[in-house]
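J.: First residue of the sequence shown: 1, per UniProt numbering; consecutive thereafter.
Every residue gets a Cβ at the ideal spot worked out from N, C-alpha and C, and that includes glycine.
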Amino acid sequence: MNEQQRLDNQRVNSPDKKSAKDYSKYFEAVYIPPSLKDAKKRGKEEVKYHNDFSIQKEFLGMGTGRKFYIRTYGCQMNEHDTEVMAGIFLGLGYEVTDQAEDANVILLNTCAIRENAENKVFGEIGHLKALKREKPDLLIGVCGCMSQEESVVNKILEKHHHIDMIFGTHNIHRLPNILHEAYMSKEMVIEVWSKEGDVIENLPKVRRGNIKAWVNIMYGCDKFCTYCIVPYTRGKERSRRPDDIIQEVRHLAAQGYQEITLLGQNVNAYGKDFDDIQYGLGDLMDEIRKIDIPRVRFTTSHPRDFDDHLIEVLAKGGNLMDHIHLPVQSGSTDVLKIMARKYTREQYLELVRKIKAAIPNVSLTTDIIVGYPNETEEQFEETLSLYREVGYETAYTFIYSPREGTPAAKMTDNVPMAVKKERLQRLNAVVNELSAAAMKKYQDQIVDVLVEGESKNNPDMLAGYTSKSRLVNFKGPKTAIGKIVKVKITDAKTWSLNGEIVEELQQVEVN
Ligand code: SAH
Ligand code: SF4
Ligand code: F3S
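#1: Are the beta-carbon atoms of leucine 351 and arginine 345 separated by less than 8 Å?
#2: Under three-state DSSP, which class holds tyrosine 31?
#3: Going by the DSSP bridge assignment, what does tyrosine 396 pair with across the sheet?
#4: Taking the alpha-carbon positions, what's the leucine 157 to valine 206 distance?
#5: Cβ of asparagine 76 within 7 Å of any heavy atom in the ligand SAH?
#6: Since valine 267 is in the alpha helix (DSSP H), which residue starts that stretch and which ends it?
#7: For asparagine 432, which three-state DSSP category applies?
#8: Could you tell me how far apart the beta carbons of serine 147 and aspartate 38 are, in whole angstroms, since I believe they sit closer than 8 Å?
#9: Report yes or no: do the region 308 to 317 and the region 348 to 362 share at least 3 C-beta pairs separated by less than 8 Å?
#10: Check whether the region 406 to 415 touches the region 366 to 379, counting contact only when three or more Cβ pairs, one atom from each stretch, lie closer than 8 Å.
#11: Would you kindly check if the distance between the Cβ of alanine 86 and the Cβ of leucine 139 is under 8 Å?
#12: In three-state terms, what does DSSP make of aspartate 275?
#13: With respect to 7 Å, is the separation between the Cβ of alanine 409 and the closest non-hydrogen atom of the ligand HEM below this value?
#14: Is it true that the CB of glycine 476 sits closer than 8 Å to the CB of leucine 462?
#15: Kindly indicate which three-state DSSP category lysine 67 falls into: helix, strand or coil?
#16: With burial defined as no fewer than 16 other Cβ atoms inside 10 Å of the residue's Cβ, what is the status of leucine 60: buried or exposed?
#17: What does the alpha-carbon distance come out to for the pair lysine 452 and arginine 470?
#18: Run the CB neighbour count on aspartate 81, radius 10 Å, all protein chains shown included, and call it buried at 16 or more, exposed below.
#19: Kindly confirm or deny that the region 63 to 71 and the region 196 to 206 touch, where touching means at least three C-beta pairs closer than 8 Å.
#20: If you draw a straight line from the C-alpha of serine 435 to the C-alpha of asparagine 428, how long is it?
#21: For the beta strand (DSSP E) holding arginine 295, just list the boundary residues, first then last.
#22: Enumerated in chain order, which unbroken segments of the beta strand (DSSP E) with a length of 3 residues or greater are wholly contained in the region 211 to 235?
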């Protein structure tokens with residue numbers, strides 16, 4: 001359902017004088033459930049850009065004396081959506097808290113990518129029941145990708161009556177209205193639009209920290225890999241206009257941010273939806289590289305759309321980091337075909353060859369799914385051999401998880417779970433081996449580390465990341481936090497590096 005449909009629905013259902021007491025009709029206006037079928041549609045409709053977000057006067061002060069708490073699951077996209085929702089809450093006068101027990105509103109910003117991600121959220125929903133019993137005025141909301149799924153909404157409706165609000169990824173800007181409805185009604189407020197999606201430019205944001213920032217460059221995904229729920233939960237691929245992105249990055253640079261990560265489900269498709277200009281990710285990176293911000297990253301790349309111009313621009317280095325996350329999913333051309341990844345093993349390897357030739361220092365990481373329906377032992381071994389051939393520094397590895405509504409969920413599967421688990425272990429053994437080998441190379445080297453703060457396990461140590469996104473723990477002065485400093489590696493472990501500070505760097509020069 002889109003904004004127009006919602007308005008039509010409200011008109012039809014708005015209680016007139018005669019039926020003013022017929023609340024069932026009133027609630028129809030705030031009961032807009034998801035539809036995976038609608039979410040799948042991709043029409044020719046132009047993307048609408050909005051610059052008109054504002055908090056309605058009647059809602060100002062809604063949060064006075066109230067606190068909000070948001071728990072975020074899933075990918076960077078969700079992390080960034082949480083920053084937007086935090087911005088809206090502050091605009092409404094709420095205060096932030098990091099304790100669920102102190103909050104007057106709790107939101108779970110959820111992820112639907114695999115079944116265990118969903119189970120975690122349902123576990124948390126269960127836990128919150130006791131808190132709601134203690135504090136009946138508490139509002140609890142479920143948003144993010146899970147709310148875009150019919151089965152999830154139905155389950156919450158059936159079993160979790162202590163939830164007050166469910167709203168979707170396209171409805172974040174409606175948070176003030178949704179909260180208002182939830183305060184007014186005793187019923188669950190459900191507003192999930194299953195649409196292709198617009199771009200809303202002027203939403204407020206409260207970023208976590210002042211060192212690194214996420215910058216959305218596009219939303220949605222049109223790839224429809226056969227296992228994946230994202231195109232259904234996030235709508236169609238739609239790019240932000242270059243000027244808006246560049247302005248945001250300039251602003252972040254002026255505020256002293258040290259690193260930005262450009263975000264999209266498939267950033268290499270950036271600009272493909274523009275029909276007035278020819279402008280892709282390579283062009284955007286070429287402009288951003290001239291902005292005075294020390295580190296620029298992007299995620300996530302799809303191998304299919306990774307073009308030569310982008311490689312050429314990345315090879316210019318400077319503030320463009322020498323690390324590319326390039327999900328492969330499988331090393332078998334046959335499996336890739338059933339996954340609808342739209343490249344072969346050979347095409348992927350050719351892309352890797354081109355990237356390595358242009359950026360000899362590059363570090364590559366990846367995502368891999370094992371145990372795809374009917375994956376054979378030979379096909380799995382092709383994944384192992386590809387892993388070694390590329391020489392990834394590390395990888396996120398997953399057992400295939402069927403997602404309702406996706407084509408793969410309908411496939412019969414002859415691979416027993418025990419075999420899938422064993423394959424994951426075998427793959428992880430290779431991942432660990434190569435990670436340890438890659439880390440060994442850092443021994444006694446001096447690396448640039450962007451210092452993010454105290455080390456998690458030892459407040460006397462500092463922690464930060466190398467240009468290739470490797471974690472470094474080291475002893476150094478607290479004044480180094482927020483800066484890029486030179487650290488000598490004294491101990492290279494499998495997943496992190498230990499070191500000692502050598503000197504503090506001046507701001508990196510960017511040409
Ligand atoms: N847009 C990115 C990331 C998508 S989600 C991309 O295309 O690369 C992150 C990772 O989760 C994917 O790369 C994939 O490896 C994994 N994933 C997605 N759906 C999955 C499923 N149904 N089961 C197991 N892993 C999955
Ligand atoms: Fe999912 Fe494929 Fe889109 Fe990535 S590219 S979000 S894996 S459908
Ligand atoms: Fe999860 Fe949605 Fe991101 S399904 S991985 S939170 S786009």
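T.: A quick look at the data gives this:
#1: no
#2: strand
#3: Asp367
#4: 31 Å
#5: The amino acid occupying residue 76 in the given sequence is glutamine; asparagine does not appear at that position. No; taking the cut-off as 7 Å, the Cβ of glutamine 76 has no heavy atom of the ligand SAH nearer than that.
#6: No alpha helix (DSSP H) holds valine 267; DSSP gives it neither H nor E.
#7: helix
#8: Actually they do not touch by this definition, with Cβ atoms about 14 Å apart.
#9: yes
#10: yes
#11: no
#12: coil
#13: This structure lacks the ligand HEM; its bound ligands are the ligand SAH, the ligand SF4 and the ligand F3S.
#14: yes
#15: strand
#16: exposed
#17: Sequence inspection shows glutamate at residue 452; the lysine mentioned does not correspond to that position. Straight-line Cα distance between these residues: approximately 13 Å.
#18: buried
#19: no
#20: 10 Å
#21: 295 to 299
#22: 212 to 216
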